[in-house]
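Spelled out as structure tokens, the structure:
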């Protein structure tokens with residue numbers, strides 16, 4: 012239709028083309044009418060109202076999707092918005108060339124979907140597990156019904172607005188039987204606030220403020236809960252590598268990584284990289300926090316982040332953050348809350364991890380990520396390239412060669428060496444999600 016519109020503006024349509032344009036406009040109106048009837052239905056209205064309450068208005072407004080088509084065209088992307096109903100799954104996909112379309116996965120109850128999500132998340136957290144079978148099962152529900160739409164649109168990126176417990180698993184780690192989804196598309200998770208940032212010009216040259224937690228083991232009390240954290244021996248090395256690789260990077264290590272040293276300087280850099288522990292507190296998202304490197308009481312909570320001013324910050328990278336959710340999954344508001352609050356403070360996007368990852372493996376991925384950024388890629392493209400590098404084994408270590416990697420086991424605290432093949436498991440590359448506008 013876009014080509015016909017151009018010809019029409021030049022008054023250059025022949026009679027056949029005029030008839031075709033009329034037919035396409037009529038079809039578009041029918042699709043819009045059907046979609047509007049869908050979003051005005053009682054079941055969807057009730058679900059959206061519930062999402063607005065439980066996710067603190069982080070979810071997208073369905074009425075806005077059609078207006079995003081020009082942005083999607085410029086970004087070479089499609090927008091996927093799954094809606095989990097009690098007895099079925101609705102997949103809403105918006106492409107540059109079509110109004111929002113609905114695909115239904117019938118007879119899929121919420122309880123069954125949530126059960127598989129929980130099982131898959133548990134498999135993802137264990138590097139020795141066989142995660143692929145569950146990854147393929149979720150693929151048949153979330154992506155396979157959209158294959159024809161994706162083939163027609165040919166996007167480079169899927170902009171993803173997950174619903175409910177889908178927020179606890181990475182879309183990148185679905186599998187079609189041949190390859191992981193991240194090997195086909197970049198993935199960018201968004202909240203409602205992301206939509207207003209699509210026209211923001213990304214930073215061209217990284218200027219990085221990086222902080223690293225040290226090797227001490229501590230216990231942090233937040234409210235009535237105690238959280239114990241081990242040391243991150245590779246965190247300092249991760250930041251030192253950044254300082255060596257990207258000129259002008261300011262690194263704050265161990266005890267120098269503290270609130271007075273960091274918070275006043277955040278808005279002076281366009282990338283803030285925090286190689287530190289974090290805890291996402293299920294059901295009490297405002298108590299979720301990031302840990303500094305000096306004392307157990309020096310933390311910044313999610314609730315405090317919204318009071319910061321980060322309008323000069325393009326990206327916040329939380330390279331060692333963890334959720335520690337176990338089997339206690341909520342509605343996922345605390346996952347998007349990280350990105351949402353950083354965006355609310357002015358940052359364009361955030362990268363966070365959905366589970367605790369061995370910091371040696373994280374270092375390999377972050378090296379690949381920043382190498383891609385320096386080539387001029389967007390944040391979404393750079394994260395995709397880094398994840399693909401671990402999947403294929405096409406990466407180099409800090410020493411500049413492809414090799415096995417020494418990691419610190421997050422469960423035992425002891426170092427061990429893992430092979431290139433081991434790092435292909437999604438446990439190592441899949442936890443990192445991009446939230447906000449990394450396009």
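In this note's numbering, the protein residues as written are 12 to 450.
Here a beta-carbon is modelled for each residue, glycine too, at the ideal position from N, C-alpha and C.
What's the call for residue 122, buried or exposed, on a 16-neighbour Cβ count within 10 Å?
Exposed, by the Cβ-count rule.
Between the alpha carbons of residue 227 and residue 329, how many angstroms are there, rounded?
Each residue's alpha carbon lies about 19 Å from the other.
Could you check what DSSP says for residue 109 in three-state terms: helix, strand or coil?
DSSP places residue 109 in the strand class (E or B) of the three-state scheme.
Let me know the secondary structure DSSP gives residue 366 once reduced to three states.
It is coil, neither helix nor strand.
Go ahead and pull the three-state DSSP assignment for residue 125.
Helix.
Cross-strand partners of residue 372 (DSSP beta bridge)
Looking at the DSSP assignment, residue 372 forms no beta bridge with any residue, so it has no partner.
Exposure label - residue 468; buried when at least 16 CB within 10 Å
This structure cannot speak to residue 468, because the chain is shown only from 12 to 450.
In DSSP terms, what residue 199 is bridged to
Looking at the DSSP output, residue 199 sits in a beta bridge with 170.
Pairwise C-alpha distance: residue 363 and residue 390:
Cα to Cα, residue 390 sits roughly 13 Å from residue 363.
Could you have a look at residue 92 and say whether DSSP puts it in helix, strand or coil?
Strand at residue 92.
In terms of residues, what are the limits of the alpha helix (DSSP H) holding residue 312?
From DSSP, residue 312 is part of no alpha helix (DSSP H) but of the beta strand (DSSP E) over 310–312.
Less than 6 Å between C-beta atoms, sequence neighbours within five positions excluded: which residues of the same chain meet that for residue 98?
Setting aside the 5 residues that flank it on each side, residue 98 is surrounded in the same chain by 120, each with a C-beta closer than 6 Å to its C-beta; the list follows chain order.
Could you tell me how far apart the beta carbons of residue 320 and residue 357 are, in whole angstroms, since I believe they sit closer than 8 Å?
For residue 320 against residue 357, the beta-carbon gap comes to about 6 Å, under 8 Å, which counts as contact.
Using three-state DSSP, classify residue 445 as helix, strand or coil.
Three-state result, residue 445: strand.
Does the stretch 151–166 come within contact of the stretch 96–112, defined as at least 3 CB pairs closer than 8 Å?
Yes, the stretch 151–166 is in contact with the stretch 96–112.
Which value, in whole angstroms, describes the spacing of the CA atoms of residue 351 and residue 359?
Between residue 351 and residue 359, the C-alpha separation is close to 10 Å.
What is the C-beta distance between residue 116 and residue 156, in whole angstroms, given that I count them as a contact (C-beta under 8 Å)?
At roughly 6 Å, the Cβ-Cβ gap stays under 8 Å, so residue 116 and residue 156 are in contact.
contact_flag[the stretch 193–202, the stretch 262–274] where n(CB pairs < 8 Å) is 3 or more
They do not touch, by the three-pair rule.
Neighbourhood of residue 322 by C-beta distance below 6 Å, restricted to the same chain and skipping five residues each side
Closer than 6 Å at Cβ, skipping near neighbours: 357.
For residue 437 and residue 137, the rounded distance between their alpha carbons
About 9 Å.
Whole-number beta carbon distance between residue 401 and residue 375, since they are thought to touch under 8 Å
Sure, about 7 Å apart at Cβ, within 8 Å.
Can you name, in chain order, every residue of its own chain whose Cβ lies under 6 Å from the Cβ of residue 435, other than the five neighbours on each side?
Closer than 6 Å at Cβ, skipping near neighbours: 402.
Cβ neighbour criterion (16 or more within 10 Å) applied to residue 252:
It counts as buried.
Could you check if residue 241 belongs to the surroundings of the ligand PLP, using beta carbon to heavy atom distance under 7 Å?
Annotation note on the ligand PLP: not contained in the displayed structure, which lists no ligands.
How would you label residue 165, buried or exposed, when you count the other beta carbons within 10 angstroms and need 16 or more for buried?
Residue 165 counts as exposed, since fewer than 16 other C-beta atoms from the protein chains shown sit within 10 angstroms of its C-beta.
Excluding the five sequence neighbours on either side, which residues of its own chain have a C-beta within less than 6 Å of the C-beta of residue 170, listed in chain order?
Excluding residues within five positions, the ones whose Cβ falls inside 6 Å are 88, 90, 199 and 201.
For chain D, is any of its Cβ atoms less than 8 Å away from the one on residue 82?
Looking for chain D here will not work: only one protein chain is present.
In terms of residue numbering, what span does the beta strand (DSSP E) encompassing residue 326 cover?
Its beta strand (DSSP E) spans residues 326–329.
Less than 8 Å between the beta carbons of residue 313 and residue 299, yes or no?
Residue 299 sits close to residue 313, with the two beta carbons spaced by under 8 Å.
Counting only runs that start and end within the stretch 218–286, where is the beta strand (DSSP E) found for 3 or more residues in a row?
The qualifying runs are 219–223, 229–233, 236–240, 261–264 and 282–286.
Residue 301 lies in the beta strand (DSSP E); which residues open and close that run?
Segment 300–302, the beta strand (DSSP E) holding residue 301.
Within its chain, find whatever has a CB closer than 6 Å to the CB of residue 132; leave out the 5 residues flanking it on each side and keep chain order.
Closer than 6 Å at the Cβ level, and outside the excluded window around residue 132, lie 179 and 180.
Applying the 10 Å Cβ sphere with the 16-neighbour rule, what's the burial state of residue 442?
Buried, by the Cβ-count rule.
Per-residue DSSP class, three states only, for residue 357:
Annotated three-state conformation of residue 357 is coil, per DSSP.
Within its chain, find whatever has a CB closer than 6 Å to the CB of residue 326; leave out the 5 residues flanking it on each side and keep chain order.
The answer, listed in chain order, is 282, 360 and 390.
Per DSSP, cross-strand counterpart(s) of residue 104
In the DSSP secondary-structure assignment, residue 104 is bridged to 91 and 112.
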